[in-house]
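Residue numbers (my numbering): 1 to 363. Heads up, the beta-carbon is just placed ideally off N, CA and C, and yes, glycines get one too. One structure is given below, encoded as C-alpha cells.
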Ligand code: SAH
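Okay, structure coming up:
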C-alpha cells in the first residue's frame with residue numbers, strides 16, 4: 001500500500017493524532033487542516049501544505065431522467081476519474097435525511113478490457129491511492145451538505161478493485177470507521193481475481209463488505225468472448241472458493257452477489273440459463289443481479305455492436321431464478337443520459353447525449 005501523504009506526516013506523531021485528523025475529514029464544518037484546532041500548531045502547519053481533498057471537481061453533470069449526478073474529478077497528477085451519486089427514490093419520511101448511494105472508482109482506467117465496458121477501452125493507467133478513493137466520498141458529502149446522507153457505497157466505478165487490494169481495503173476501512181457506513185452497505189464488484197479472492201477469505205482485516213462477481217455467463221466459451229481476463233477453470237475455482245468465503249463470513253447478509261449482464265442472442269438463451277442455475281446451485285448462498293445492458297456510445301460502430309436483451313427475456317429469467325429458489329433482482333440503471341450508468345464511465349470529459357429509445361433498465 002502506498003501511504004497517504006497525510007499518514008507520512010502523522011507517522012511520527014502520537015497515534016490519536018491520526019484519529020483526530022480523520023474525524024475532521026468527515027466533519028462538514030471543516031474545510032482545511034488549519035481548522036483542526038485540537039492539533040498542535042506545528043503539526044497543523046505541516047498538514048496545511050496538503051490539499052484538503054485529493055480530488056478536484058472538473059465537470060459535474062446532472063441527469064434529467066432521475067436523481068443521478070456524475071462528476072469527473074481531477075487527481076493531483078492531472079488524471080481524471082469519474083464517480084456517481086445516486087439518489088434513492090422513495091423512503092424519505094418527513095424530517096429524515098435524503099439517502100444516497102455513491103459509486104466509486106478504484107483505478108484510473110482498467111486493464112480488464114471487458115468488451116461491453118467503456119472504462120476498459122482506454123486501458124489501464126494507475127491504481128488510485130487510499131485518499132483518492134476516500135475523497136470520492138468526501139467530495140459527494142461536501143456537495144450534498146448535511147441535508148443528506150450517503151449510506152451506501154458501491155465500488156463499481158472505473159477499475160478492478162481487487163487489483164488495487166491494499167488501497168481499496170484501507171480506504172473502505174477508513175470509511176467504515178469514520179464515515180459511519182456499515183460494511184454490509186458496501187459492495188465491491190469484481191470480475192473475479194482468484195489470487196485476491198483467496199487472500200480476502202484469509203484476511204481478517206479486510207472489510208466485511210459484500211462481494212459481487214461479474215459473471216455474465218456460466219459457460220466458459222461465452223464468458224471468455226466478452227471478458228478477456230477470464231481464466232480457464234474459473235468456475236471450478238469459484239466452487240472451491242465459495243464454501244471458504246461462506247465459512248469466513250457466515251452472516252446471512254453475506255451472500256455472494258452474481259452479476260449477469262444480459263446480451264441479446266448472446267448469453268440469454270435456455271442453454272445459458274440452465275448453466276447459470278447449475279453453477280449457482282453449487283455455489284450456495286447467492287443473490288443474482290440481472291443487468292440490462294447500458295449502451296456505450298464509444299462502442300457504437302466499433303468491432304462489435306452489442307444489444308441488450310429484451311425486457312421480457314430479463315423478466316422471464318428473473319421469474320425462473322426466483323421459482324428455482326434464488327434471490328434475484330434486476331438492476332435499475334440510473335443516469336443513462338449523462339453516461340453515469342454501469343459500464344458507461346469512460347473517463348472522457350465530454351458527455352455524449354444518449355440516443356433515443358435506449359432501454360431504461362428493469363424494475
Ligand atoms: N471491474 C469491476 C467493477 C467495475 S464494473 C467488475 O468487473 O465488476 C461494475 C459493473 O458494471 C459490473 O458488474 C460490470 O459488469 C457492469 N457493466 C460494465 N459495463 C456495463 C454495461 N455496458 N452495461 C451494464 N452493466 C455494465
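Count the C-beta pairs between the segment 220 to 240 and the segment 164 to 177 that are closer than 8 Å, then say yes if the count reaches three, no if not. Output reads no: the segment 164 to 177 does not touch the segment 220 to 240.
CA-to-CA distance, residue 107 to residue 164, given in whole angstroms: Each residue's alpha carbon lies about 7 Å from the other.
Original post:
Count the other CB atoms within 10 Å of the CB of residue 236; is the residue buried (16 or more) or exposed (fewer)?
Top reply: Exposed, by the Cβ-count rule.
Taking 7 Å as the limit between beta carbons, can you name the residues of its chain near residue 343, skipping five residues before and five after? Sequence-distant partners of residue 343 (beyond 5 residues in either direction) whose C-beta falls short of 7 Å from its own C-beta, in its chain, are 116, 117, 118, 294 and 296.
How many angstroms separate the CA atom of residue 312 from the CA atom of residue 51?
Looking at the two C-alpha atoms, the distance is approximately 50 Å.
Short of 8 Å in beta carbon distance, which residues of its chain neighbour residue 273, apart from the five on each side in sequence? Order them along the chain.
Cβ neighbours of residue 273 beyond the five flanking positions: 317 and 320.
In whole angstroms, give me the CA-to-CA distance for residue 347 and residue 124. Using only the alpha carbons, I get a separation of about 11 Å.
- With 16 other Cβ atoms within 10 Å as the buried cut-off, status of residue 64: Counting Cβ neighbours within 10 Å, residue 64 comes out exposed, since fewer than 16 surround it.
Note to self: Considering only their Cβ atoms, is the gap separating residue 216 from residue 260 smaller than 8 Å?
What the structure shows: The Cβ-Cβ distance between residue 260 and residue 216 falls below 8 Å.
- request: Compare the C-alpha of residue 232 against each of 270, 192 and 247 and name the closest.
  value: Ranking 270, 192 and 247 by Cα distance to residue 232 puts 192 first.
Fill in: Short Cβ contact (8 Å threshold) for residue 43 with residue 141
With contacts defined as CB atoms closer than 8 Å, residue 43 and residue 141 fail to qualify as a contacting pair.
Item to check | Counterpart residues of residue 103 in DSSP-defined beta bridges | outcome: The partner list for residue 103 (beta bridge, DSSP) reads 84 and 154.
Between the CA atoms of residue 270 and residue 157 - distance to the nearest angstrom: Approximately 31 Å, taken between the alpha carbons.
**OP:** May I ask which residues mark the beginning and end of the alpha helix (DSSP H) holding residue 162?
**Re:** Neither: residue 162 is in no alpha helix (DSSP H) and is coded neither H nor E.
Buried or exposed: residue 147, going by 16 or more other Cβ atoms within 10 Å of its Cβ? Residue 147 comes out exposed.
Requested in this report: Tell me whether residue 333 sits in a helix, a strand or coil according to DSSP, three-state version.
Outcome: DSSP places residue 333 in the coil class of the three-state scheme, outside both helix and strand.
Query raised in the report: Taking residue 198 as the reference, which of 104, 56, 84 and 242 has the closest Cα?
Result: Closest by alpha carbon: 242.
Checklist line | Check: residue 114 C-beta below 7 Å from any heavy atom of the ligand ADP | finding: This structure simply doesn't include the ligand ADP; it includes the ligand SAH instead.
### Query
Would you call residue 244 buried or exposed, if buried means 16 or more other Cβ atoms sit within 10 Å of its Cβ?
By the 10 Å Cβ count, residue 244 comes out exposed.
task = Let me know if residue 38 comes out buried or exposed under the rule of 16 or more other beta-carbons within 10 Å of its beta-carbon.
result = Around the Cβ of residue 38, a 10 Å sphere holds fewer than 16 other Cβ atoms; the residue is exposed.
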